[in-house]
Amino acid sequence: MSGNSAFELVTERGWRRGLGNLLSNEFSRWWRTNMWWVQSLIWGGICGFMVGSIVVQSPDMPLSEMVMIYSIFGGLFPAIAVVILMQDVLVGEKRSGTAAWVLSKPVSREAFILSRFIAHSLGVLVTMVFVPGVVAFLVFRFAAHVPIPPERFLAGLGVLYLLLLYYLTLTLMLGALFRSGGAVIGLALALVFGQQYLVGLIPLLKYVLPWTIAIALPPEEGAIVPSILTGQPPWSWIPLLAVALQIPIFVWIAIARFRREEF
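FYI, the numbering for the sequence shown is 0 to 262, going by numbering that gives the first Met the number 0.
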């Protein structure tokens with residue numbers, strides 16, 4: 000935001016004060032720049048290339064293996080991108096003084112956090128879930144001749160989106176808790192890559208951490224997304240419920256910490 004012209008008259012009250020203006024500004028970063036179509040091209044291209052390569056090189060591969068590979072590329076790699084994308088959302092604005100400047104306007108701290116959460120959540124939904132999901136669905140249907148029902152595929156995309164929201168809100172929370180970008184990205188990526196080892200040490204964590212949503216945990220538990228896509232019952236719904244509960248908790252912690260932030 001380069002000047003007061005970025006704001007319009009504020010009519011909201013309480014925690015919503017300034018939310019409309021902040022959302023407009025955050026949406027413009029996604030949809031009035033090349034960010035949305037660049038991200039769409041990247042993830043649509045990666046997904047199309049990987050799934051297409053499987054079809055060309057291994058046309059007889061079982062459906063369960065195909066969707067597992069799609070689940071990994073649709074869940075793990077975008078999760079890393081979400082962490083990288085979100086690492087500087089709060090830390091960078093606190094460090095540059097932008098947050099202090101914005102909060103000197105008629106804006107609530109709750110609105111500041113929520114605007115970042117809502118805008119980036121929508122951007123991730125479109126560019127990292129919906130676009131590559133459509134590409135994968137078309138490749139499965141017309142190149143691999145695998146007739147996954149659309150409603151089942153949409154359910155799988157919804158679960159992948161929930162997974163990415165987990166990492167988005169986790170990184171947002173870490174950005175509120177720390178002033179160092181290194182701490183934010185380090186802790187978030189440590190969880191992305193290290194949770195399988197944590198589950199090995201403490202098996203009950205498999206019900207709390209999101210690893211088995213997109214990636215199987217051998218030798219017993221399969222991943223939830225591939226199970227949904229193939230019409231099989233998942234090994235457990237508990238990790239999905241745990242992740243869904245943790246997302247609003249992360250947002251609440253981010254807001255609670257940001258309320259006490261001194262600028």
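From the three backbone atoms N, C-alpha and C, an ideal C-beta is built for every residue, glycine too.
With a 10 Å radius around its C-beta and 16 neighbouring C-beta atoms as the bar for buried, classify residue i as buried or exposed.
i    : result
Y206 : exposed
G193 : exposed
E92  : buried
S16  : Going by the sequence as given, residue 16 is Arg instead of Ser. Buried.
F321 : Outside the modelled stretch of the chain, which goes from 0 to 262, sits residue 321, for which no answer is possible.
Y269 : In this structure the chain extends from 0 to 262, so residue 269 is not present and cannot be described.
I112 : buried
Is the Cβ-Cβ distance between residue i and residue j less than 9 Å?
i    : j    : result
G199 : V88  : no
L161 : I212 : yes
V145 : G43  : no
M34  : V81  : no
V101 : G180 : no
I68  : V191 : no
Q66  : G185 : Before going further, note that residue 66 is Val rather than Gln in the sequence given. For V66 and G185, no; Cβs fall outside 9 Å.
Looking at the unbroken alpha helix (DSSP H) that takes in residue i, where does it start and where does it end?
i    : result
F72  : 62-85
G43  : 34-56
A187 : 180-200
V106 : Where V106 is concerned, there is no enclosing alpha helix (DSSP H), given that its DSSP letter is neither H nor E.
R94  : 90-95
S226 : 223-229
Three-state secondary structure (DSSP) at residue i?
i    : result
L208 : coil
R15  : helix
E150 : helix
E25  : helix
L216 : strand
R258 : helix
R115 : helix
V123 : helix
W234 : coil
A243 : helix
Rounded to the nearest angstrom, what separates residue i and residue j at their Cα positions?
i    : j    : result
S4   : T32  : Confidence at S4 is low in this model, with a pLDDT of 44, below 50, so the placement of that residue should be treated as unreliable; the coordinate-derived value is given next. Taking the straight line from one Cα to the other gives about 19 Å.
R108 : S57  : 52 Å
I252 : A243 : 15 Å
T97  : V106 : 13 Å
F257 : T168 : 14 Å
I246 : P209 : 11 Å
G157 : R259 : 34 Å
F152 : I227 : 8 Å
L40  : G73  : 14 Å
I223 : A99  : 42 Å
L239 : V125 : 21 Å
Quick one: does residue i have its CB under 9 Å from some CB of chain D?
i   : result
R15 : This model lacks chain D altogether, as it is built from one protein chain only.
For residue i, verify whether its CB is less than 8 Å away from any heavy atom of the ligand MN.
i    : result
A222 : For the ligand MN, the structure offers nothing, since it holds no ligand at all.
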